[in-house]
Amino acid sequence: MKKLLSLVLVLAMALSIALTFANAEETKTVVYWSMWEATEPQGVVLQQAADAYAAATGVKVEIQFKGRTGIREGLEPALQAGTVIDIFDEDVDRVNGTFAQYLLDLEELAKEANYEETAMPALVATARNVAGGTLKSIPYQPNVFNIFYNKAIFEEVGVTEVPQTWVEFLNACEKIKAGGYIPLTSDDAYIVSNFGYHLARHIGEEGVIKVVKEGLFAEEPAVLKVAQAYEELFQKGYLSPTMGSNVWPTAQIQEIGMDEAAMYLNGSWLPNEILGTTGPEFQWGCMAYPAVEGGVDGTEAANYGAQVFAINNKSEVAKEAFDLIMYFVTGEYDALLSKESVGIPSDVRNEEWPEMLLGVKDVLATLTTRYSWSAGAEANPNITPAIKENMQKLVSGSIDAQGFVDALEAAFN
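Here the sequence shown is numbered in this note's numbering, starting from 9 and rising by one per residue.
Rendered as structure tokens:
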């Protein structure tokens with residue numbers, strides 16, 4: 009009897025051990041390399057969502073918070089080396105451009121999850137477009153790049169309607185200047201976008217790209233028109249006196265944040281970036297870059313997009329990775345991410361936007377033409393430094409409009 013009992017115990021222990029190993033083998037892990045820091049609002053919320061997913065499914069989630077630099081410099085070498093990475097994220101253009109060869113086709117997974125029923129159509133279309141017509145990334149944290157302004161300054165000086173044309177913009181600048189404020193500012197991080205947006209208004213983004221890639225600064229008359237427009241802004245005192253020397257984030261903190269300047273061409277991430285300076289009571293407005301007379305594009309065109317999640321095409325847990333992404337971009341955690349990061353929700357069912365971004369909501373609804381970053385002005389990295397340098401000189405008055413054109417023509421040649 010004792011021998012039989014011992015045998016039963018041994019068999020029970022063996023079965024228990026076998027089951028333990030079997031369960032260990034069945035437990036799946038999703039590895040996510042994140043563009044955020046763990047302490048950023050985005051990092052905090054995404055960790056909470058991952059924990060909730062793990063608790064609900066039994067799937068382990070390992071988040072490695074790499075930050076922007078870690079993703080941009082470290083992701084591709086890691087993927088090439090075969091490092092286990094299931095999910096990664098960055099800007100929609102960078103993910104579908106720089107990391108294109110590593111992306112899994114998500115069309116079937118998205119269809120199974122009815123993903124598009126809750127997603128912004130324009131952003132899904134953008135994600136497909138930049139990937140050559142196939143959905144290979146899932147947008148979140150939508151953003152738009154346009155002119156952000158201080159509504160309180162506008163109201164104080166009597167700018168009662170948002171300018172739609174360049175003439176109306178100049179009239180608004182005059183009122184702002186007369187009221188004792190700086191109408192427009194920028195810095196070294198964003199000033200090339202001023203050039204790109206204005207040129208794209210004249211000739212469209214394809215025209216801008218042609219100019220910077222082929223060096224047609226003297227041949228394309230619209231380049232001189234852009235330079236003349238900004239020369240006029242300088243001459244009339246509508247630009248910050250430090251616009252040509254501002255190093256990011258000086259303009260947004262000291263001029264926009266301290267109520268010295270009224271307008272700044274920037275992204276919808278700006279209110280959150282300087283919330284510590286402005287406080288939550290700052291009255292943010294957002295408006296389209298004005299249309300120019302005879303231009304190809306109008307206020308319907310701007311750079312808009314999102315961060316996106318992508319799945320490594322070598323992932324062995326693609327279904328679980330996609331399900332986790334759905335936790336991130338829909339429902340409760342999408343709403344929480346919007347609230348905590350002062351960002352735009354991805355899920356169309358989450359209708360409550362942060363108060364500071366309500367102006368963005370109206371502008372985003374009017375956009376039908378998507379620019380890439382800086383409307384294509386940075387499509388040729390070899391000439392971008394010269395554009396920045398000479399825009400800084402132009403808005404400082406150290407060169408005139410023709411000097412701007414001549415300098416860029418010489419820099420290309």
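Where is the CB? At the ideal position from N, CA and C, for every residue including glycine.
When secondary structure is reduced to three states using DSSP, serine 349 falls in the helix class. For the pair valine 39 and glutamine 88, the Cα-to-Cα distance works out to about 16 Å.
Scanning its chain for C-beta atoms nearer than 8 Å, with the 5 sequence neighbours on each side dropped, one finds around isoleucine 407 the residues Asn398, Lys401 and Ala415, in chain order. Contact between valine 231 and valine 413 holds, with the beta-carbon distance rounding to 6 Å and staying under 8 Å.
Comparing alpha carbon positions, the residue from Lys74, Ser346 and Thr168 closest to asparagine 158 is Thr168. Counting only runs that start and end inside the stretch 168 to 231, the beta strand (DSSP E) elements of at least 3 residues fall at 190 to 193. Excluding residues up to 5 positions away in sequence, Thr193, Ser194 and Val403 lie with their Cβ nearer than 6 Å to the Cβ of methionine 251 in the same chain. Residue pairing by DSSP places tyrosine 379 opposite Asn311 in a beta bridge.
Between the stretch 91 to 107 and the stretch 127 to 142, the count of Cβ pairs shorter than 8 Å is three or higher; the stretches touch. By the C-beta criterion, the stretch 52 to 61 is judged not to be in contact with the stretch 275 to 284, since fewer than 3 inter-stretch pairs fall below 8 Å.
Alanine 64 is classed as exposed because its beta carbon has fewer than 16 other beta carbons within 10 Å across all chains shown. With fewer than three CB-CB distances shorter than 8 Å, the stretch 171 to 191 does not count as touching the stretch 353 to 360. Nearest to proline 257 by C-alpha distance, out of Gly166, Asn274, Leu366 and Thr338, is Asn274.
Contact check for tyrosine 272 against glutamine 260 passes: the beta carbons are separated by less than 8 Å. For the 8 Å CB-CB criterion, tyrosine 148 and valine 316 form a contact.
Rounded to whole angstroms, phenylalanine 290 and proline 362 show a C-alpha spacing of 12 Å. Counted as a single uninterrupted DSSP element, the alpha helix (DSSP H) harbouring valine 53 occupies residues 49 to 65. Between lysine 233 and histidine 210, the beta carbon gap of about 6 Å places them in contact (Cβ cut-off 8 Å). With the rule of 3 Cβ pairs closer than 8 Å, the stretch 319 to 334 does not count as touching the stretch 150 to 165. Between the alpha carbons of glutamine 72 and glycine 78 lies a distance of about 10 Å. Secondary structure remark: continuous alpha helix (DSSP H) runs of at least 4 residues inside the stretch 230 to 310, in chain order: 278 to 281 and 283 to 286. Trp292 is the residue among Ile319, Trp292 and Ala108 whose C-alpha sits nearest the C-alpha of isoleucine 161. Look at phenylalanine 412 here: in three-state DSSP terms it is helix.
The C-beta distance from alanine 208 to alanine 118 rounds to 31 Å, too long to meet the 8 Å contact threshold. According to DSSP, glutamate 70 shares a beta bridge with Val39. For phenylalanine 156, the beta-bridge partners assigned by DSSP are Tyr272 and Cys294.
DSSP places glutamate 328 inside the alpha helix (DSSP H), whose first and last residues are 326 to 337. Residue state for isoleucine 79 is assigned as helix, using DSSP reduced to three classes. In this model, glutamate 340 and arginine 76 are separated by some 25 Å (Cα to Cα).
Under the three-state reduction of DSSP, leucine 114 is assigned to coil, being neither helix nor strand. Leaving aside the five residues that flank threonine 338 on each side, the residues in its chain whose CB is nearer than 7 Å to its CB run, in chain order, Thr126 and Asp355.
For phenylalanine 317, the secondary structure class from DSSP, reduced to helix, strand or coil, is strand. For glutamate 397, the enclosing alpha helix (DSSP H) begins and ends at 392 to 404. By the 16-neighbour rule on beta-carbons within 10 angstroms, glutamine 410 is exposed. Residue Ala237 holds the alpha-carbon nearest to the alpha-carbon of asparagine 202 among Asn390, Ala270 and Ala237. Where aspartate 99 is concerned, the enclosing beta strand (DSSP E) starts and stops at 95 to 99.
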